[in-house]
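2 protein chains.
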Amino acid sequence: MYYSSANVSERQAAPPSLAISTVIFALRPSATSGRPTLWLPLVRRIREPFKGLWALPGGPLSHHESLQDAASRNLRETTGLSPSYLEQLYAFGGLHRSPAQRVVSIVYWALVQPTEAALADESENVRWFRADRLGDLAFDHNAIVDYALWRLRNKLAYGSIAYHLLGEYFTLAQVREVYEAVLDRQLDPANFRRQLKSTPEIEDTGEYLQGGKHRPPRLYRYTGRPGLDPDNRSTP
Amino acid sequence: MYYSSANVSERQAAPPSLAISTVIFALRPSATSGRPTLWLPLVRRIREPFKGLWALPGGPLSHHESLQDAASRNLRETTGLSPSYLEQLYAFGGLHRSPAQRVVSIVYWALVQPTEAALADESENVRWFRADRLGDLAFDHNAIVDYALWRLRNKLAYGSIAYHLLGEYFTLAQVREVYEAVLDRQLDPANFRRQLKSTPEIEDTGEYLQGGKHRPPRLYRYTGRPGLDPDNRSTP
DNA sequence: GCAAAAGTGTTCCCGCTACACCCATGC
DNA sequence: GCATGGGTGTAGCGGGAACACTTTTGC
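Protein sequence lines, in the order shown, are assigned to chains A and B. Each step along the first sequence adds one to the number in the numbering used here, with nothing skipped, and position 216 is 216. Each step along the second sequence adds one to the number in the numbering used here, with nothing skipped, and position 104 is 104.
The following block contains the structure:
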């Protein structure tokens, strides 16, 4: 941290510092059930405050990059991945988020495809966790993740988000699994498929997914906007 | 502005500065039709850049106040009013929002009651404008206002926002006028009243509004949350 | 053939829209 | 009385939930 050794008068004098953090979601098979669940990467803090605790990836904003570029860079630097979806979440600016020094964090949230996510970097200080089984995180990051989860669930209901957690081709059942993982409840397969098929952005490829145990399902493709800074006017 | 005289190297060295701005909406009778319309207060810039142009009220964030407190203070200082509703809108951080110096603005939006708004301060450098008839504003403030309007319309559809533009007591027709002003289209009075009466936060006071030209309408009261930083988990 | 997932059809219910109609007041 | 907005009733449409049913594969 920049002013971690600041005394009180320095704290008063220095302007609040500005940081960018990112909540990164990806789908991974659950260790127990094998069904897809939400995971996110965290970094271990190697200095005070909260040394040793896990925290959201983030860092200061440099002069030449936009807020979104900074978030995208966070993502690349900690996981080696590029986001399939990226959107601003909220600016957190409470007075005592960080001891010793006032920090305002502009937080983004991202979705990445599972094919990539499987080969994401992991190391001593970068590890993936199940979104519903995080321990105590540094700063107010537990609250931030909760809020990001709430937003994800909300956006999902509106549509057009789920595909960014999947690969290029997917079956309707896979989309349903995404919904079930995120919303944490079962959905009627029959009604769900009808809803999806009524949305024009889902295109039937004519291909089938072979190798399953049962009747091979059709493969679809998402033809909506690619997904950075997206959705009907959610970002200016 | 803090570093307005900065040269290139200073600009590179200095961290991006942080500002808070606020889009303040209130209902006022239209000059022509007399029907309620959306207005907002702007301040005239008295120095470069954009000297002489109108801009959103705002300023730097001081150390001892939260983001929301800073927005609330903006509101009080420019209009003398306190907000009935206040919520974060977005953090704008494009590289060239301001010439000469990089500024990241965290923007809030607010609603104020019309009874108060009628006696709001106005002066040579603070003036209210119809939201749909602004000229060219300083910085990217036209885009910010557009985005705030979009959010207002969205929130309205979800409910629980409109009452913060009205006084403590109101008729159902007044609520409908708010919706019509904000959404800019006519609504069926019969169906609209039924929808409202089905929401439990609207309480019949038993009183009637006297003095009209026709049958006196009932007066209602909003019993939902008072309205700062509100709505079902829209803010952490 | 059997199990299980893919995919289709059908019914019911609820909320919204449109619009006809009655009520109470000022003039 | 008449005009006008306040307020109620009701029929129809459409989308979602529930669930029965058929199809296609692996074993």
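Idealized CB from N, CA, C, for every residue including glycine. Keep in mind it's a predicted model, so treat the numbers as computed, not measured.
Residue 110 (chain A) and residue 22 (chain A) do touch by the CB rule: their CB atoms are close to 6 Å apart, below 8 Å.
For residue 78 (chain A), same chain residues with a beta-carbon under 7 Å away, outside a window of 5 residues either side, are 41, 43, 57, 126 in chain order. For a Cβ distance threshold of 7 Å, residue set 63 of chain B lies close to residue 102 (chain A), ordered along the chain. A direct Cα-to-Cα measurement between residue 88 (chain B) and residue 160 (chain B) gives close to 17 Å.
Interface annotation, residue 181 (chain A): not in contact with chain B, CB-CB separation never under 8 Å. Taking a 10 Å sphere around the C-beta of residue 154 (chain B), we find fewer than 16 other C-beta atoms and assign the residue as exposed. Each of A:220, A:150, A:147 was checked against the Cα of residue 199 (chain A), and the nearest Cα belongs to A:220. By the Cβ neighbour-count rule, residue 152 (chain B) is buried, with 16 or more other Cβ atoms within 10 Å of its own. Contact between residue 103 (chain B) and residue 29 (chain B) does not hold, since the beta-carbon distance rounds to 36 Å and is not under 8 Å. For residue 199 (chain B), DSSP assigns no beta-bridge partner whatsoever. Interface annotation for the segment 15-45 of chain A against chain B: 15, 16, 17, 18, criterion Cβ-Cβ distance under 8 Å. The criterion of a C-beta distance shorter than 8 Å is satisfied by residue 20 (chain A) and residue 70 (chain A). Scanning chain B for C-beta atoms nearer than 9 Å to the C-beta of residue 161 (chain A) yields nothing, as the closest lies near 17 Å away. In the DSSP annotation of this structure, the continuous segment of the beta strand (DSSP E) that includes residue 26 (chain B) starts and ends at 17-29. Assigned with DSSP and collapsed to three states, residue 69 (chain B) falls in helix. For residue 93 (chain B), the number of other beta carbons within 10 angstroms of its own is at least 16, and it is reported as buried.
Identification of chain A residues near residue 186 (chain B) by a Cβ-Cβ cut-off of 7 Å yields none; the smallest Cβ-Cβ distance measures about 24 Å. In the three-state scheme derived from DSSP, where H, G and I count as helix and E and B as strand, residue 207 (chain A) is classed as strand.
Per DSSP, residue 130 (chain B) is one residue of the beta strand (DSSP E) stretching across 126-130. The Cβ neighbour count for residue 81 (chain A), taken over all protein chains shown within 10 Å, is at least 16; the residue is labelled buried. Boundaries of the alpha helix (DSSP H) harbouring residue 144 (chain A): 141-158, taken from the DSSP string. The beta-carbon separation of residue 140 (chain B) and residue 53 (chain B), rounded to 12 Å, does not stay under the 8 Å limit for a contact.
Among the residues of the segment 118-152 of chain B, those with a Cβ less than 9 Å away from any Cβ of chain A are 140, 143, 144, 146, 147, 150, in the order of the chain. What residue 211 (chain B) touches in chain A, judged by beta-carbon distance under 8 Å, is nothing: the nearest beta carbon there is about 42 Å away.
Neighbourhood of residue 58 (chain B) in chain A, by CB distance below 8 Å: empty, with the nearest CB roughly 14 Å away. Between residue 177 (chain A) and residue 35 (chain A), the C-beta spacing is below 8 Å.
Contact of residue 91 (chain B) with chain A is assigned, a C-beta pair being separated by under 8 Å.
With respect to the C-alpha of residue 138 (chain A), the residue from A:100, A:18, A:45 having the closest C-alpha is A:45.
The CB of residue 156 (chain A) never comes closer than 9 Å to any CB in chain B; the least such distance is about 15 Å.
Inclusion of residue 193 (chain B) and residue 208 (chain B) in the CB contact set at 8 Å is not warranted, their separation being larger than that value. At a Cβ-Cβ threshold of 8 Å, residue 98 (chain B) and residue 49 (chain B) count as neighbours. Chain B has a Cβ within less than 8 Å of the Cβ of residue 94 (chain A). For residue 218 (chain A), the enclosing beta strand (DSSP E) stretches over residues 218-222.
Using a CB distance cut-off of 8 Å, residue 198 (chain A) does not count as an interface residue toward chain B.
Residues of chain A whose Cβ lies closer than 7 Å to the Cβ of residue 66 (chain B) are, in chain order, 93, 94, 95. For residue 88 (chain B), a Cβ of chain A is located within less than 8 Å of the residue's own Cβ.
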